[in-house]
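Right, one structure below, let's go through it.
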Amino acid sequence: MSAAVQFDHVSRHFGGVKAVDDVSLTIAEGEFFAMLGPSGSGKTTCLRLISGFEKPTTGVVRIFGEDMGAVPPNQRQVNTVFQDYALFPHMNVRDNVGYGLMVRGVDRRTRLAEAERLLALVHLDGFGDRKPAQLSGGQRQRVALARALINKPRVLLLDEPLGALDLKLREAMQDELKKLQRELGITFVFVTHDQGEALSMADRVAVFSQGKIAQVGSATEIYARPATRFVADFVGSSNILAPDLARTFGVAGALASLRPEALRIIPAEGARITGRVTGARYLGAGTRVTIAVNEYLGKEEAEIAVLVPAAGKVPGIGAVVGLDWDADAVHPMEAA
Amino acid sequence: MSDLRAALPGRGIWDRLTALFWRRPGVLVAVLIAAPLAWLGIVYVGSLVALLIQSFYSINEFSGVVVKEFTLKTYAELLRPANADVIVRTVTMAASVTLASAVLAFPIAYYAARFARGRWKAAFYLGIMLPLWSSYLVKVYAWKLILSKEGIISWAANGIGAGGVLDALLALPGIGGNSLSTSYIGTFLVFVYVWLPYMILPMQASLERVPQSMLEASAALGAGGLRALWSVILPLALPGVIAGSIFTFSLTLGDYIIPQIIGNSANFIGMAVYHLQGTAGNIPLAAAFAVVPILIMLVYLGIARKLGAFDAL
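Residue numbers (this note's numbering), protein chains in the order written: chain A, 11 to 346; chain B, -18 to 294.
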């Protein structure tokens, strides 16, 4: 597999702000790649560096090995689904989808037929005559997708593609995007601040923080073995164990992360660690129980969250309980 | 606990009025728009109707007295070659002024909408508005001097050896003349200068509303700058262009001062109305002339709508 997109020490500064700060990154051909991070972390700027709407201040962006330094956006084999969809309001859906072919000088009949084919692909057959304003948010999203795919781009960029949709529709679109990507075999790069979306769709995830990549890896790697405190905090809702507490849990001399679902509540007698229940939050699929272990350790505030599955027994607030955990789930990490 | 009621006691007339407006929002609307509506209805629409009625009267050619009987005689008069010429001349001038204003205004408006920020934006507004703050007559007379045979344009043209070009321009049949200030070219130039701000401002407002992401979408799909201009920017900015053209077109149609001061004294609709209702005392024909621009504008708007100019609104 060759590299579809390659960042070689790329920085993008806006005045004094380093939006992207010395990022190196390789996205393989055919990969479904997610750029995850809070707003202002540089993930959208990275996407715009690929599409060509931003130029790197220093460094080189390569697409299929070619240096894109002198290639304007309209000459790249890359297309974008914009966050606000950016459908042309004065054109009907069919003309919107066919725009990319019109630009290339494809004759009207061929391009309208092709537009219909793509509309069918995104399950919008028969919507060709409508104006974008007459569509729902989810439908507009599909039109934007069809429009971006008509030129058969080699890399498709998606900027917060599902951000404006409601939960139900978002989940349906997640499955559909994933399926579409598998069928077409195109490299998908998408930007999101929703860790659930990134983990469920992407083959690999890059977690961005303050213009830098905190960690790149498969969804399971990122989730189970966060490299830094930031990743552990941002992806999921890990327990961050201070070095003292980490030692108690079996990791010496470092900060460690421990996922709530890797912990179990057991009777206090004979348990290696005990604590008092301080709160319980019902989440539907389970209950998140917080347990204060500090009074037993005599250290600074140390609360541990435990995910009790729906079938499990939830102890009452104030109860003294013991904790058990999978030893290999305690994962040492850097402090950053 | 003395007062256990849920509602506070009323505190006079304003509280009662507020309560009335809250219960009946229609009353508030009525109070607010009664005065402007009366103004529009009586003073504006009323005088238009009076104008329309006058145009169906005729004048007795011997006594010069207005005959208050409905007839189409006056409109037939309008179609006589001398009068029809005036209409054709005015409409041609208005159309060319509008076209030239649009072409000149677009780059300026585009720059202001897309690139100018902060201080430059303020400078832009000031630059566009400043000419509107000085007297219209002062500007027109200033242009008469600029365009005259001894004016700065001839002087500069001769200075750089382009006097021949100017002479060739003035020798053009139909639009040329003795000097710029006594030719149609001069009238045209001054019209464009005077009405240009009215084209720039609405154009700029509509260009500002075209989202950046739409231009990016166009580029991402492979379109170059010209294609984006033609297929995305212009259609989306069209309502602003139409709004601007309504200003430049109708202002040129009705103006009677510029063609009187600058040009070859050829008659325009505005001048015709001015003479007919004044010295000639032919109110019905003046009224009929005044109806022409209204009809033209209605037709123009109808065509613009048919072409989809307002679809993007």
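All C-beta atoms, glycine included, are put in the ideal place defined by N, C-alpha and C.
Model, not experiment: these values are computed from the prediction.
Item	Value
Proximal residues to B:VAL8 (C-beta, below 7 angstroms), its chain only, five neighbours per side dropped	LEU1, PHE2
Distance, A:ALA208 Cα to A:GLY322 Cα	29 angstroms
Nearest to B:GLY155 (by Cα), restricted to the options B:ALA143, B:GLY145, B:THR168	B:THR168
Beta-carbon neighbours of B:MET195, restricted to chain A and to distances below 8 angstroms	ALA96, PHE98
Beta-carbon contacts of B:GLN241 that lie in its chain and below 7 angstroms, excluding the five residues immediately before and after	MET252
Nearest candidate by alpha-carbon position, reference A:GLY147, set A:LEU172, A:LEU168, A:VAL165, A:LEU129	A:LEU172
Buried/exposed call for B:ASN139, threshold 16 Cβ in 10 Å	exposed
Whole-angstrom distance between A:VAL261 and A:ALA339, CA atom to CA atom	11 angstroms
B:ILE133 versus B:LYS125 - alpha carbon distance	11 angstroms
Chain B residues whose Cβ lies nearer than 8 angstroms to that of A:PHE92	SER194, GLU197, ALA198
Segments of 3+ residues assigned as beta strand (DSSP E) that fall wholly inside the region 272 to 344 of chain A	273 to 276, 283 to 292, 296 to 302, 313 to 319, 330 to 335, 341 to 343
Per DSSP, the bridge partner or partners of A:ILE73	A:VAL15, A:GLU76
Contacts of B:GLY205 in chain A (Cβ-Cβ under 7 angstroms)	ASN84
Residue-chain proximity (A:VAL132, chain B), Cβ-Cβ < 7 angstroms	no
Which residues DSSP lists as bridging A:LEU145, in chain order	Looking at the DSSP assignment, A:LEU145 forms no beta bridge with any residue, so it has no partner.
Residues, ordered as in the chain, of the region 103 to 131 of chain A that lie near chain B by beta-carbon distance below 7 angstroms	TYR109, GLY110, VAL113, ARG114
Against chain A: residues of the region 206 to 227 of chain B by CB proximity under 7 angstroms	ARG208, VAL213, PRO216, LEU217
Stretch pair the region 321 to 335 of chain A + the region 284 to 291 of chain A: three plus CB contacts closer than 8 angstroms	yes
Rounded Cβ spacing between A:MET343 and A:LEU265 (contact assumed at less than 8 angstroms)	6 angstroms
Contact with chain B by A:PHE24, beta-carbon distance below 7 angstroms	no
Three or more C-beta pairs below 8 angstroms linking the region 48 to 55 of chain A and the region 210 to 227 of chain A	yes
Closest Cα partner of A:GLU186 within the set A:MET101, A:VAL132, A:PRO142	A:VAL132
Interface residues of chain B facing A:PHE43 [CB-CB closer than 8 angstroms]	The contacting residues do not exist; A:PHE43 stays about 18 angstroms from chain B at best.
Residues, ordered as in the chain, of the region 60 to 76 of chain A that lie near chain B by beta-carbon distance below 7 angstroms	SER61, PHE63
Where A:PHE200 falls: helix, strand or coil (DSSP)	strand
Beta-carbon proximity check, A:PHE63 vs A:PRO82, cutoff 7 angstroms	no
Anticipated Cβ contact below 8 angstroms, A:ARG164 with A:THR197, distance rounded	7 angstroms
Span separating the alpha-carbon of B:LEU196 from that of A:VAL91	13 angstroms
Residue-level contact to chain A via CB, B:LEU202, 7 angstroms cutoff	yes
Same chain, Cβ closer than 6 angstroms to B:ALA268, neighbours up to 5 away in sequence not counted	LEU32, GLN35, SER36
Three-state secondary structure (DSSP) of A:LYS178	helix
Interface residues of chain B facing A:ASN161 [CB-CB closer than 7 angstroms]	LEU202, GLY203
Where A:LYS222 falls: helix, strand or coil (DSSP)	strand
Inter-stretch contact (C-beta, 8 angstroms, three-pair minimum) for the region 99 to 111 of chain B and the region 177 to 190 of chain B	yes
The alpha helix (DSSP H) enclosing B:LYS125, as first and last residue numbers	117 to 128
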